[in-house]
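J.: Residue numbers (the working numbering): 164 to 701. So that we are looking at the same thing, I have put the structure below in structure tokens.
Okay, structure coming up:
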């Protein structure tokens, strides 16, 4: 059963279950609308709230600060936001939660957050939040009770042993931690004890938490952190059968019953495409991050070769149905794009072009669109957003929680807004092109062969149109090249060509036979040239 059919049936059953007793007269026919799979068309923007925009001058980003910048995000073309953890937490990053039913007071009040959601929805921008369900903080009242009293009902909400079982975690880390009342399991850190989903009470509580945020608060879904580590099977600590079954039989049906249009995106770092596909095909997540494709985008831009990218795109589409994967370049756990590309703006433009013209749902990390730098430790890849060249990068009127990068005086939103050749305007043009053309969002991808290793070419195609994606990945002008359109399934007819993105009008029309085999839309491809060409059947 496909996901679209499943959601339609689920929505129908929900309506049926709420129906009154059969009327004595014939009912008026009604139309049941299938839930909208809106995330397939979305462009997401990942925000670390602490670092995005400070509205009240305390040096910390907040919900009202994001609300103030919704106009910027809307103009950029963003249609959905992913907010990193917003729950109360003793850490700066928030991935150790102390209360799942409230917000971090440093970010504002629950009313502030609800206002952000409402204002975003007015602009047709959805919001999902980071939901950390694998573990809590060791400061959470549940864990404090569990550690203090072995007879506490919360004791079995966590995983305990009377002795140190001593086996290590997947990357060689310590996972059994000592306490005053025994050893407890925590795959990441001692201050992040894992929840015990073998206890039905934990499952029921997590269902209530999800329902609260979807109904009482109004968010549109969740990013599931550390998704593959949920339930352990002895020394097997990732992607266990119990983990798959929990998402499939417990969590997915629950949040879809609350809101059929709610979505989840899973973080499965380090896993192959077949493993990722299992979570999508079996109705466990709606999307999963495609880390292999992210690495291929950056590799193509860095090495000036397209081969591995074409293969990864083909395998992704073969493995994961309906392009239900999330694309990105880097996120909050990785060195920033510009740092990985050696500060080269041309390569950053190429990486953005490759991602935003490919299948999948793109996620942009805040500041990526202006070329913010940053290398680990993590705090340095989560620095304040660089809005202006003024004091504190325009992020705050007070001393920020962490100083912005020193390059903010010339790398900032103000400096790049309206500058035709800027990275920001490059992102804006690509996002708006994608939003305006459904084929660029959900169309299939056909990789095309070229006789030059630095020429990337592909077709995006569906019933709404046909687009040729073309890029010179190198710093050299390329004259001796052609693109082979044979085998792409095009009709045996001529096609006119319209340049939608890039400088200059492409040669056309494109005909069948030899013209398909050796199509050369431009006499020369300038260094780092990028094009989106619309093919129109004559």
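Note that the Cβ used here is the ideal one computed from N, Cα and C, for glycine as well.
(1) Hey, how far is the Cα of residue 196 from the Cα of residue 426?
(2) Provide the residue(s) that pair with residue 243 in DSSP beta bridges, ordered along the chain.
(3) Are residue 563 and residue 633 touching if we call contact CB-CB under 8 Å?
(4) Can you check whether the CB of residue 330 is closer than 8 Å to the CB of residue 340?
(5) May I ask you to list the residues that DSSP assigns as paired with residue 339?
(6) Could you compute how far the alpha carbon of residue 271 sits from the alpha carbon of residue 220?
(7) Does DSSP classify residue 534 as helix, strand or coil?
(8) Just how far apart, CA to CA, sit residue 167 and residue 200?
(9) For the putative contact between residue 623 and residue 520, defined by C-beta atoms under 8 Å, what is the C-beta separation to the nearest angstrom?
(10) Between residue 385 and residue 292, is the Cβ-Cβ spacing less than 8 Å?
(11) In angstroms with no decimal places, state the Cα-to-Cα distance between residue 205 and residue 241.
(12) If I'm right that residue 407 touches residue 441 with Cβ under 8 Å, what's the distance once you round it to whole angstroms?
(13) Just mark residue 635 as buried or exposed, buried being the case when its beta carbon has 16 or more other beta carbons within 10 Å.
(14) Roughly how many angstroms lie between the CA atoms of residue 298 and residue 671, to the nearest whole one?
(15) Would you mind giving the Cβ-Cβ distance between residue 499 and residue 537, rounded to the nearest angstrom? I have them listed as a contact below 8 Å.
(16) Note down the Cα distance separating residue 255 from residue 225, rounded to an integer number of angstroms.
(17) Which residue's Cα is closest to the Cα of residue 279: 354, 249, 691 and 464?
(18) Got a sec? Which residues, its chain only, sit under 7 Å from residue 597 by beta carbon, not counting five neighbours each side?
(19) Should residue 687 be labelled buried (16 or more other beta-carbon atoms within 10 Å of its own) or exposed?
(20) In whole angstroms, give me the CA-to-CA distance for residue 165 and residue 551.
(21) With DSSP as the reference, label residue 470 as helix, strand or coil.
(22) Alpha carbon to alpha carbon, how far is residue 699 from residue 660?
(23) Hey, would you say residue 618 sits closer than 8 Å to residue 658, going by beta carbons?
(24) Is there a C-beta anywhere in chain D that falls below 8 Å from the one on residue 567?
(25) Given residue 354, which residues of its chain have a CB within under 7 Å of its CB, disregarding the five upstream and five downstream residues?
(26) Hey, how far is the Cα of residue 267 from the Cα of residue 540?
(27) How is the alpha helix (DSSP H) around residue 577 delimited, first residue to last?
(28) Would you mind stating whether residue 436 and residue 479 have Cβ atoms separated by less than 8 Å?
(29) Grouping DSSP H, G and I as helix and E and B as strand, with all else coil, what is residue 480?
(30) Name the two residues that bound the continuous alpha helix (DSSP H) containing residue 618.
(31) Measure the Cβ-Cβ separation of residue 315 and residue 325 and say whether it is below 8 Å.
(32) Decide if residue 434 is buried, meaning its Cβ has at least 16 other Cβ atoms within 10 Å, or exposed.
(33) Leaving out the 5 sequence neighbours to the left and right, which residues in its chain are closer than 8 Å to residue 261 when beta-carbon positions are compared?
(34) Taking the CB atoms as reference points, tell me whether residue 235 and residue 512 lie closer together than 8 Å.
(35) Just mark residue 449 as buried or exposed, buried being the case when its beta carbon has 16 or more other beta carbons within 10 Å.
(36) Ordered along the chain, which non-local residues of its own chain (more than five positions away) have a Cβ less than 6 Å from that of residue 555?
T.: Quick look at the numbers:
(1) Here residue 196 scores only 42 on pLDDT, less than 50, and its place in the model is too uncertain to base an answer on.
(2) 207 and 289
(3) no
(4) no
(5) 348
(6) 12 Å
(7) coil
(8) Caution applies to residue 167, whose pLDDT of 45 falls short of 50 and renders its modelled position unreliable; the value that the coordinates give is listed next. Answer to the nearest angstrom: the Cα atoms are 8 Å apart.
(9) 7 Å
(10) yes
(11) 8 Å
(12) 7 Å
(13) buried
(14) 58 Å
(15) 4 Å
(16) 13 Å
(17) 249
(18) 206, 519, 603 and 604
(19) exposed
(20) Because the pLDDT at residue 165 is just 44, under 50, the model does not fix this residue reliably, and the value given afterwards should be weighed accordingly. Going by the C-alpha atoms only, they are around 47 Å apart.
(21) helix
(22) 6 Å
(23) no
(24) No chain D is part of this structure, which consists of one protein chain only.
(25) 259, 300 and 301
(26) 23 Å
(27) 576-579
(28) yes
(29) helix
(30) Looking at the DSSP string, residue 618 is not in any alpha helix (DSSP H); the run it does join, the beta strand (DSSP E), is 618-625.
(31) no
(32) buried
(33) 250, 251, 252, 253, 299, 300, 302, 303 and 304
(34) no
(35) buried
(36) 563
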